[in-house]
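All remarks here apply to the structure that follows.
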Amino acid sequence: MPGSMSQTLKLAIPGQGEVTVKVDAPAAASPAKKVLGTALSGDVSPTTPALILAHGANNNLDFPLLSYIAERLAAIGCARVIRFNFPYVERGATSPDPRPILEATFLQVYAYVLDEMPAAGTPVFVAGKSLGGRTAAELVSRRVEGNGIDAAGLVVLGYPLHAMGKQDRLFLEPVRHIDIPSLFCVGSRDPLCNPDLLRPVLARLAYPGRLHVVEDGDHSLHLPPSSDRRPEDGYPDVAREVADFIQTVAA
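For the sequence shown, the numbering used here begins at 1 and goes up steadily by one.
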């Protein structure tokens, strides 16, 4: 197993100041240079995929689920994982930025990744937890209009399909136009996403979406305290699903 290396940097977002970006990549055979983009290149294969991973509304890039996935995918040599904070997190605010700012930030990180990748045509996947996943889905859905993201695949961790207790009103606009391979990981007891309601939506996509249900998982894919396992014991299965999805699509 190659192990991993991590690099943290600041990225300027027009009109919003700088946001923190953390890159986890398969460990290089030689020491990393202290230059922008080293963690995206290093001595690993230039065609190793990249996964841009955005956080949810009430957390940041260091949310345990995101950290586990990033470090695990890098350690097994599956992908370079790029996490970042949205501007409101950098400001210390609790309310998310308006959608245009969320999207502009995601697009700026995407542009950075494309600019720093060592080989043209390297697969770039986009992903996010809840709010971050919805933002990624919206940008993927708009790619044909020229103002979105042309990604190899989409990964969503805990999609906010409906409001709590309101399963008769589904938030489908961000997902109905997805036309690339996608993976949705949701908890079986997620109050914001009934897997049985999401499954037929994914089946109707141009590329039928892949659904992974974490049994007893909540919106953060955590297991209940009453379980015999720790809340985070579902993480390894989620990471394996994400790794398999990336490897399958990028093959």
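All C-beta atoms, glycine included, are put in the ideal place defined by N, C-alpha and C. Model, not experiment: these values are computed from the prediction.
Asked                                                                                                                                                                                : Found
Can you tell me which of the three DSSP states Leu157 falls into?                                                                                                                    : strand
Roughly how many angstroms separate the alpha carbons of Val21 and Ala104, rounded to a whole number?                                                                                : 15 Å
Report the residue from Gly121, Tyr110, Leu65, Asn58 whose alpha carbon sits nearest the alpha carbon of Thr94.                                                                      : Asn58
Apart from the five residues on each side of it in sequence, which residues of its chain come closer than 8 Å, Cβ to Cβ, to Lys34?                                                   : Residue confidence is low: Lys34 scores 33 on pLDDT, short of 50, so the model does not pin down where it sits. Its coordinate-derived value is still stated next. Result list for Lys34: empty, nothing under 8 Å.
For Arg169, which residues from the same chain have a beta carbon less than 8 Å from its beta carbon, with the 5 sequence-adjacent residues on both sides left out?                  : His162, Ala163
Is it buried or exposed for Leu172, if we count other Cβ within 10 angstroms and need 16 for buried?                                                                                 : exposed
Using the C-alpha atoms, what's the distance from Gly128 back to Phe84?                                                                                                              : 10 Å
From Ser188 to Leu211, what does the alpha carbon distance come to, in whole angstroms?                                                                                              : 11 Å
How many whole angstroms separate the CB atoms of Leu157 and Cys185, which I take to be in contact at a CB cut-off of 8 Å?                                                           : 5 Å
Might you give, ordered along the chain, the residues of its own chain that have their beta carbon closer than 8 Å to the beta carbon of Val113, omitting 5 neighbours on each side? : Leu40, Ala50, Ile52, Ile82, Val124
Report yes or no: is there a C-beta of chain D within less than 8 Å of the C-beta of Gly217?                                                                                         : In the displayed structure, chain D is absent; only one protein chain is listed.
One question on the structure: do Thr47 and Ala119 come within less than 8 Å of each other, judged by their Cβ atoms?                                                                : yes
How is Lys34 classed by DSSP in three states: helix, strand or coil?                                                                                                                 : Caution applies to Lys34, whose pLDDT of 33 falls short of 50 and renders its modelled position unreliable; the value that the coordinates give is listed next. In the structure shown, Lys34 sits in coil (DSSP, three-state: anything other than H, G, I, E or B).
Could you tell me which of Cys78, Ala54, Ala206, Pro191 sits nearest to Asp244, measuring between CA atoms?                                                                          : Cys78
Who are Lys22's beta bridge partners in DSSP?                                                                                                                                        : Thr8, Arg83
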